[in-house]
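To start, the structure under review is shown below, and the notes come after it.
In the working numbering, the protein residues as written are 9 to 261.
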């Protein structure tokens, strides 16, 4: 079923009023820890002070079969982030998921490293709870079908027919050692990840194309996220050297 997407960026005040009326982001997280969850309760930002309560939303009338973490690498896309959250809160709540949206923000003045931010989000998610499923997402992409399941299966799930949005079970992420931290700038990490999946003999689950369409939110050019000219240099190492998939390597989680 086609979702009605709102691509107008609301203010933070409008997001709070719409999804968690009468409270703040900090208070929303506290309320959820006391059993009264609201959509804004699910938002978790890295880096974050230790005083901020764990961020989680759970349905009040049922128990979700999986606890799902959306990992969002982020820098200088505030308008995209506001549009993303405004659309995704209702989408995820309607699926009756127990979930967190984990925003992993990279500091300025360094080349963007999307894969490393996913790894950080995976590790930091332990501060919230032990999640069963991890959706590796981008802040400028919105699912168009309201029934596209944001859940994980026995094999990695390719959520989008044309984009790099995947769902990995906890054991799958650990087995492939996450993503490589070697890829700065645009490109390469997705090909590297595909090699890891082949190496570990996973069969990717794909949804029908008409069911897995996404809308892209407009954004300007990315500074310090230019195409990486050396992005293909590391792929033979992943393909031929199993040693690179051991814990502690800079090629791993």
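C-beta atoms are modelled at their ideal positions from N, C-alpha and C, and glycine is treated no differently.
Check residue i in the structure and name its three-state DSSP category.
i           : result
residue 123 : helix
residue 77  : strand
residue 27  : helix
residue 147 : coil
residue 114 : coil
residue 215 : coil
residue 175 : strand
residue 109 : strand
residue 133 : helix
residue 2   : The structure shown has nothing for residue 2, since the chain only spans 9 to 261.
residue 98  : helix
residue 42  : With a pLDDT of 42 at residue 42, under the threshold of 50, the modelled position of this residue cannot be trusted; read the value that follows with caution. Residue state, collapsed to three classes: coil.
residue 203 : helix
residue 10  : strand
residue 16  : coil
residue 21  : helix
Would you mind sorting residue i into buried or exposed? The rule is 16 or more other CB atoms within 10 Å of its CB.
i           : result
residue 20  : exposed
residue 217 : exposed
residue 131 : exposed
residue 176 : buried
residue 68  : exposed
residue 188 : buried
residue 307 : Residue coverage of the chain in this structure runs from 9 to 261, which leaves residue 307 outside it and unanswerable.
residue 154 : exposed
residue 190 : buried
residue 36  : Model confidence at residue 36 stands at a pLDDT of 45, short of 50, so the residue's coordinates are unreliable and nothing is read from them.
residue 170 : exposed
residue 15  : exposed
residue 275 : Residue 275 lies beyond the range of the chain shown here (9 to 261); nothing can be said about it.
residue 73  : exposed
residue 141 : buried
residue 220 : buried
residue 125 : buried
residue 115 : exposed
residue 180 : buried
residue 77  : buried
residue 197 : buried
Just to confirm before moving on: does the CB-CB distance between residue i and residue j stay below 8 Å?
i           : j           : result
residue 212 : residue 147 : no
residue 127 : residue 192 : no
residue 133 : residue 64  : no
residue 266 : residue 103 : A question about residue 266 goes unanswered here, because the residues of the chain that appear run from 9 up to 261.
residue 18  : residue 90  : yes
residue 136 : residue 52  : yes
residue 182 : residue 88  : no
residue 95  : residue 13  : yes
residue 149 : residue 210 : no
residue 178 : residue 139 : yes
residue 151 : residue 92  : no
residue 83  : residue 113 : yes
residue 129 : residue 110 : yes
Could you tell me which residues DSSP pairs with residue i in its beta bridges?
i           : result
residue 138 : In the DSSP output, where bridge partners are listed per residue, residue 138 has none listed.
residue 192 : For residue 192, which the question treats as bridged, DSSP gives no partner whatsoever.
residue 52  : 110
residue 224 : 149
residue 82  : 113
Should residue i be listed as close to the ligand ATP, given that the test is whether its C-beta is under 7 Å from any heavy atom?
i           : result
residue 139 : Ligands in the displayed structure: none, and consequently the ligand ATP is not present.
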